[in-house]
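Data first, discussion second: the structure below is written as structure tokens.
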Amino acid sequence: MSSKKAMKPSDASRIQSTQAKSGNPTGANTFPSRSQSAAATNVNRGIVNPTGGTGGAGGNARSGSPKTTPKATPKTTPASTTSGGKSGGSSRK
């Protein structure tokens, strides 16, 4: 029984390289070009990593903690010193 495995970019590269070295065509509609297309499709769908491993890491297959960029602190304006109500003494008549 054979198991189906997703085409990885490293597999497609190996196929294209061996076909070219042996003098076989590698242009459009050949097995190497179809394998390259399948590998690219698998990467875009998140089935394999661009580096060749399996899993849905998408385009960022680095290990370790992700880099975070510091958030900019918003600039604040000083509070107004005037009150919104009436100022001064009483206005009795």
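Those letters in the sequence shown? Residues 783 to 875, per my numbering, in order. Think of the CB as a built atom: it goes at the ideal place given N, C-alpha and C, for glycine as much as any other residue.
- In this structure, the alpha-carbon of A821 lies about 8 Å from that of A788.
- Taking all protein chains in view, the Cβ of N811 is surrounded by fewer than 16 other Cβ atoms within 10 Å, so the residue is classified as exposed.
- One thing to note: D793 has its Cβ within 9 Å of the Cβ of S817.
- If you compare the alpha carbons of K790, S785, K786 with that of R827, the shortest gap goes to K790.
- For R816, the enclosing alpha helix (DSSP H) covers residues 813-826.
- Sequence-distant Cβ neighbours of V825 in its own chain, meaning closer than 7 Å and more than five residues away, are P791, P832.
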